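**Q** Residue numbers (this note's numbering): 81 to 598.
For each residue, glycine too, the CB sits at the ideal point set by N, CA and C.
Everything numeric in this text was worked out from a predicted model, so none of it was measured.
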């Protein structure tokens, strides 16, 4: 079999191997997936190895270290080599590149050589090898430089490996990449000022007037020290011309440094906000059975507070920065984002983790968009929505909302009832808000309670001094039976009993339902 056919055969073998994909995916997760727990622990381990080997470099300068220390360093270098090879492996899918080249050649009916077949794959691997972080990795693992002092100094490049394992530092370093045009402009200005000042000082004082300036290099050194406002004082101008240049050089240096500081401060402030957002993402990724509230307006604040009082974990999503700041101050997990963004919802990985999703913005169109986006991610997520206009209710329900509430209509009805029967309304309001005893609670019937099929007289409501206000039958599209007749109404699985009584009696009744066999 020719070399080309062997390469192709091996490429197709890897492409069809599920085990190969699984192993490579796992390695990629450990090395590159910042959201995975495995990468976090791997990063901690690698930081420990890097700092340990740097400490060995420092200690061996004036100390004779035991042999086991060098064995440990050899182990660390071995791990560095394995890591680099792993990164080279997952940097690209060489077998897929080879298959693409072959299929394109077949489509265009071209005859290609083995070199043409593997060239694109090798180019991609080569780009990784010459990337800055790969070069740092290689400098950290070269084993033969210990004998020469300069090459031993290259061991310090291991310290730069720490940047790979610390996401926050990487975010800050990206400031210099994103602001490269501004920094490049500043470097040109700095270079011009240094060259101009060093030339002038060398012309006036490099001919013997100043004993400390004996070469153009001395003049450049003086200019750099002066423009950066360090001022060691080992070289000072002695002629009027030199001092005149120094004045303008200091003023220009202070101005340029102030400009650079402003650029860095502004860019880093933006990155710090992004780092905070990523930290919130990480915290949310560890949550289970939480409730998402979209929109932290007046209604959202009240709902979040009530849910927290009942022991629920709440995550707030709002596109308004002021609302997110307030939510964070109130102690909630808060994301400054658009809740209808499918990419955001995918990143949050809500399926199987979120208990309820509540859309509470004051715009029906936005609420509808949020519901449709969530349902795109998972059909199983239970959604509730607020509606401003009555004609939006059917649209929100059709989109996938389980319930739709009208806060303005509810408030108006409550106001009407308060005007008509103020004493009764105040009593009910106090009960609902638990300002006084008794309280109202809901109890869902589960299969562990052994009361399915029993009538209401035989489940202990009277024994525990409770009053039954009604029953919500979920299997009949949440139909509500108000004060049903106890002798003819039989309890069904998933029914919700709405009872009123003291919190102690309700707790005892729940215990009774779970423990007693009928």
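Which term fits residue 376, buried or exposed, when burial requires 16 or more other beta carbons within 10 angstroms of its beta carbon?
**A** Counting Cβ neighbours within 10 Å, residue 376 comes out buried, since at least 16 surround it.
**Q** Determine the DSSP secondary structure at residue 417, reduced to helix, strand or coil.
**A** Reduced to three states, the DSSP call for residue 417 is coil.
**Q** Out of 541, 551, 573, 453, which one is the CA nearest neighbour of residue 528?
**A** Ranking 541, 551, 573, 453 by Cα distance to residue 528 puts 573 first.
**Q** Taking 8 Å as the limit between beta carbons, can you name the residues of its chain near residue 422, skipping five residues before and five after?
**A** The residues are 453, 456, 457.
**Q** Determine whether the beta carbon atoms of residue 463 and residue 379 lie at a separation below 9 Å.
**A** Not in contact: residue 463 and residue 379 (Cβ atoms no closer than 9 Å).
**Q** Hey, out of 594, 391, 411, 446, whose CA is closest to residue 77's CA?
**A** Residue numbering for the chain in the displayed model covers 81 to 598; residue 77 lies beyond these limits and cannot be assessed.
**Q** Just checking, does the region 276-286 make contact with the region 297-306 on the three C-beta pairs under 8 Å criterion?
**A** Output reads yes: the region 297-306 touches the region 276-286.
**Q** What residue from 309, 520, 266, 257 has the CA that sits closest to residue 330's CA?
**A** If we check each option's Cα against that of residue 330, 309 comes out closest.
**Q** Quick check on residue 156: buried or exposed, where buried means 16 or more other Cβ atoms within 10 Å of its Cβ?
**A** Classification of residue 156: buried, given that the 10 Å Cβ count is 16 or more.
**Q** What residues are listed by DSSP as bridge partners for residue 393?
**A** 370.
**Q** Using 8 Å for Cβ pairs, my map puts residue 536 next to residue 589. What's the rounded Cβ distance?
**A** Actually they do not touch by this definition, with Cβ atoms about 13 Å apart.
**Q** Once the 5 residues before and after residue 94 are set aside, which same chain residues still bring their CB inside 7 Å of it?
**A** So the qualifying residues of the chain are 100, 175.
**Q** Could you name the residues of the same chain whose beta carbon sits closer than 6 Å to that of residue 122, not counting the 5 residues immediately before and after it, in chain order?
**A** Excluding residues within five positions, the ones whose Cβ falls inside 6 Å are 110.
**Q** Assuming residue 550 is part of the alpha helix (DSSP H), what are its boundary residues?
**A** Per DSSP, residue 550 belongs to no alpha helix (DSSP H); it is in the beta strand (DSSP E), 547-553.
**Q** Helix, strand or coil: which one does DSSP assign to residue 118?
**A** Three-state DSSP puts residue 118 in a helix.
**Q** Could you tell me how far apart the beta carbons of residue 337 and residue 259 are, in whole angstroms, since I believe they sit closer than 8 Å?
**A** About 15 Å separates the two Cβ atoms, so there is no contact after all.
**Q** Helix, strand or coil for residue 451? Go by DSSP, reduced to three states.
**A** Residue 451 falls in the helix class under three-state DSSP.
**Q** For the beta strand (DSSP E) that contains residue 181, what are its first and last residues?
**A** Unbroken run through residue 181 is the alpha helix (DSSP H), 174-188; no beta strand (DSSP E).
**Q** Could you spell out the range, first to last residue, of the beta strand (DSSP E) harbouring residue 559?
**A** First-last of the beta strand (DSSP E) with residue 559: 559-562.
**Q** Considering only C-alpha positions, which residue in the set 519, 207, 197, 221 is nearest to residue 169?
**A** Checked all of 519, 207, 197, 221; the closest Cα to residue 169 is 207.
**Q** With contact counted as at least three CB pairs below 8 Å, one residue from each stretch, are the region 265-273 and the region 176-184 in contact?
**A** With the cut-off at 8 Å, the region 265-273 and the region 176-184 do not touch.
**Q** Relative to the C-alpha of residue 567, which residue among 534, 164, 335 is closest?
**A** Residue 534 is the option with its Cα nearest to residue 567.
**Q** Using only the alpha-carbon positions, how far apart do residue 591 and residue 541 sit?
**A** Roughly 12 Å between the two C-alpha positions.
**Q** List the whole-angstrom C-beta distance separating residue 218 from residue 164, where the pair is believed to meet the contact cut-off of C-beta under 8 Å.
**A** At roughly 7 Å, the Cβ-Cβ gap stays under 8 Å, so residue 218 and residue 164 are in contact.
**Q** According to DSSP, is residue 432 helix, strand or coil?
**A** Three-state DSSP puts residue 432 in coil, outside helix and strand.
**Q** Within the region 270-308, note down every full alpha helix (DSSP H) run reaching 4 residues or more, in order along the chain.
**A** For the region 270-308, whole alpha helix (DSSP H) runs of length 4 or above, ordered along the chain, are 296-307.
**Q** Rounded to whole angstroms, what is the Cα-Cα separation between residue 467 and residue 487?
**A** The alpha-carbon atoms of residue 467 and residue 487 are separated by roughly 8 Å.
**Q** If we count Cβ pairs, one from each stretch, closer than 8 Å, do we get three or more for the region 392-400 versus the region 413-421?
**A** Cβ pair count under 8 Å is three or more, so yes.
**Q** How would you write the range of the alpha helix (DSSP H) that residue 403 sits in, first residue to last?
**A** Residues 401-409.
**Q** From which residue to which residue does the beta strand (DSSP E) around residue 463 run?
**A** First-last of the beta strand (DSSP E) with residue 463: 462-466.
**Q** On the three-state DSSP scale, how would you describe residue 191?
**A** Coil.
**Q** In the DSSP assignment, find the unbroken alpha helix (DSSP H) run with residue 218 in it and report its ends.
**A** Residues 212-221.
**Q** Can you give me the Cβ contacts of residue 469 inside the same chain, cut-off strictly under 8 Å, excluding the 5 residues immediately before and after it?
**A** Cβ within range, chain order: 444.
**Q** Hey, quick one: how far does the beta strand (DSSP E) through residue 107 stretch, first residue to last?
**A** Note, residue 107: premise wrong, no beta strand (DSSP E); alpha helix (DSSP H) at 98-112.
**Q** Could you check whether residue 145 and residue 139 sit closer than 9 Å to each other, using their CB atoms as the reference points?
**A** In this structure, residue 145 lies closer than 9 Å to residue 139 by Cβ.
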